[in-house]
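Numbering (my numbering), first residue to last: 177 to 398.
What follows is the structure, given as structure tokens:
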């Protein structure tokens, strides 16, 4: 896939959190398999976790665990809360990207399907809260990502900025791209693997970058 040319600097960037700004797969995989095995399910491989763990728990766990999903949710979050801060790893180049953006008149926020309390605790632990006007996590809006409610909440701290093409939504999964399309924002895919033809139909990225360093270089050229 070849990136299109987006020639105007965005007024706002909305970032996904897990595996866009921080490497979270190890802790998500550990907490999910603890939950699955405790609930009598087979554990998932790491690849399966990366493929299936996209939606928020309140959207995905009822399908996985039926009426017993609140117990599964508690199991997951109890295990997750015990280990997540010790496993936090910033993605390569993210600090340089955030420092650059902090020096521009660009609105920054996070839209994540991680529970809001955990999201904000992680941002504070990393010292990143200062970069973002809003850190919107699962449960903070009426509906979680990919619903546009989540984007509207994230833009709630902005003055005169509404969802539209000059708001870039940056994430690593199909649910991020779908959210961007539903909200009318510019969808930006950031991950190591270049997307295959048709992989993200009907919600393709407008721009693809392999990592934070590449996105930084792209923004510096605008």
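Yeah, the Cβ is synthetic: ideal placement off N, Cα and C, and Gly gets one too.
Under the three-state reduction of DSSP output, residue 347 falls in the strand class.
Annotated three-state conformation of residue 312 is strand, per DSSP. Under DSSP, residue 362 takes part in a beta bridge, and its partners are 344. Counting other Cβ atoms within 10 Å of its Cβ, residue 250 stays below 16 and is therefore classed as exposed. Bridge pairing for residue 266: 198 [DSSP]. The bridge partners DSSP lists for residue 284 are 189.
Shown here for residue 219: same chain residues with a beta carbon closer than 8 Å to its own, the five before and five after excluded, namely 209, 212 and 213 in chain order.
The count of Cβ pairs closer than 8 Å, one atom from the segment 377-389 and one from the segment 343-362, reaches three, so the stretches are in contact. With respect to the 7 Å criterion, residue 202 and residue 263 are classified as neighbours on the basis of their beta carbons. Taking 7 Å as the cut-off, the beta carbon of residue 348 is found closer than this to the beta carbon of residue 196.
At the C-beta level, residue 193 and residue 261 stay beyond 7 Å of one another. Burial state of residue 298 is buried, judged by a 10 Å Cβ sphere holding 16 or more other Cβ atoms.
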